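**Student:**
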């Protein structure tokens, strides 16, 4: 007997929770996430599962690829001050990368319950796009920080900045960003071919097997560019009196306490990620509603 939409959603959410728990525990043991990050990650997994098992697998691809890159040449990135917290991502970082997507997954699920499949599919596209932005941003940061050439400020390409500076880009990082967005686009295309525990929004967008992945790739990459621009122009910056450099961190890698230098004090890295990701996701949602 075929499952109803609600039954498929619940089954997918249970499967997502079951699969995410061992992955999360292994990640905790390997210090990829903190305890709070583990709880937040499982919550993201369950909510994504409400829109189909494919949604969870899509999010899992983002998580695995970004986590592996975080540990890539970690000691080298740490020396440059461009490495993630050695204790792993906490709940703020998890929601900074996945909070927008989780919101749109929930909106897609609710729209599906209300019988509005067009908006349910559009919100699903927004959610998928948000993770493409996050993946592109992570790939740009983690691989770009290994570049042998110093980053340049995206709004002032003639200005060189230290690795890890918000708004700083390298050619290697931008190529990595494109690859990260392309990976999520290809993942979507592959998942749309096999609708396991199909929930209505996935069945709806699978008919656009090439157009939707194209939107997610393009908007996902452009979202990463927007993140860099916002980071360069508005994100809080601090000055290290010991090293005499501008940084994004209140505590510099040398151990010295920095002083506020410019930007908006409330606009940190996670907030910048949320703004750029939400903007890109909303654009993808509107494109879908207008042309599909």
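Residue numbers (the numbering used here): 30 to 321.
We treat Cβ as the ideally placed atom computed from N, Cα and C, and that holds for glycine.
The structure presented is a predicted model; accordingly, all values stated were derived computationally and were not measured.
1. Using a Cβ distance threshold of 8 Å, determine whether the stretch 293 to 308 contacts the stretch 154 to 170, with at least three qualifying pairs required.
2. From 137, 278, 155 and 105, pick the residue whose C-alpha is nearest to that of residue 296; which is it?
3. So with Cβ pairs under 8 Å, would you call residue 39 a contact of chain C?
4. Alpha carbon to alpha carbon, how far is residue 171 from residue 30? Give it in angstroms, no decimals.
5. Could you check the C-alpha separation between residue 250 and residue 42 for me, to the nearest Å?
6. Would you kindly work out how many angstroms separate the C-alpha atoms of residue 203 and residue 121, rounded to a whole number?
7. When you compare the CB positions of residue 318 and residue 151, do they come within less than 8 Å of one another, or not?
8. Going by DSSP, name the residue or residues bridged to residue 269.
9. Among residues of its own chain, excluding the 5 on either side of residue 234, which ones have a beta-carbon nearer than 6 Å to its beta-carbon?
10. Drop a sphere of 10 angstroms on the beta-carbon of residue 145, count the other beta-carbons inside from all chains shown, and report buried for 16 or more, exposed for fewer.
11. For the beta strand (DSSP E) that residue 230 lies in, which residues bound it at each end?
12. Going by the beta-carbon positions, is the gap between residue 84 and residue 78 smaller than 8 Å?
13. Under the rule that 16 or more other beta-carbon atoms within 10 Å means buried, what is residue 280, buried or exposed?
14. Do residue 207 and residue 183 have their beta-carbon atoms positioned less than 8 Å apart in this structure?
15. For residue 174 versus residue 118, is the C-beta distance shorter than 8 Å?
16. With a threshold of 16 other CB atoms inside 10 Å of the CB of residue 314, please say whether the residue is buried or exposed.
17. What is the rounded straight-line gap between the Cα of residue 243 and the Cα of residue 291?
18. Using a Cβ-Cβ cut-off of 7 Å (strictly less than) and excluding sequence neighbours within five positions of residue 155, which residues of its own chain qualify?
19. Under DSSP, the beta strand (DSSP E) around residue 187 begins and ends at which residues?
20. My parser needs the beta strand (DSSP E) runs of 3 or more residues fully inside the stretch 147 to 182; what are they?
21. With residue 290 as the anchor, note down where its beta strand (DSSP E) starts and where it stops.
**Tutor:** According to the structure data:
1. yes
2. 278
3. Chain labels in this structure do not include chain C; a single protein chain is all it has.
4. Residue placement at residue 30 is flagged as unreliable, the pLDDT there being 42, under the threshold of 50; the coordinate-derived value follows with that caveat. Rounded to whole angstroms, residue 30 to residue 171 spans 47 Å at the Cα level.
5. Going from the Cα of residue 250 to the Cα of residue 42 covers about 29 Å.
6. 25 Å
7. yes
8. 274
9. Around residue 234: 150 and 241.
10. exposed
11. Counting along the chain, residue 230 falls outside any beta strand (DSSP E), though it belongs to the alpha helix (DSSP H) covering 229 to 234.
12. yes
13. exposed
14. By the CB criterion at 8 Å, residue 183 and residue 207 fall outside the cutoff.
15. Contact check for residue 174 against residue 118 fails: the beta carbons are separated by 8 Å or more.
16. buried
17. 37 Å
18. 133, 310, 311, 313 and 314
19. Counting along the chain, the beta strand (DSSP E) containing residue 187 begins and ends at 185 to 189.
20. Qualifying beta strand (DSSP E) stretches: none in this window.
21. 288 to 291
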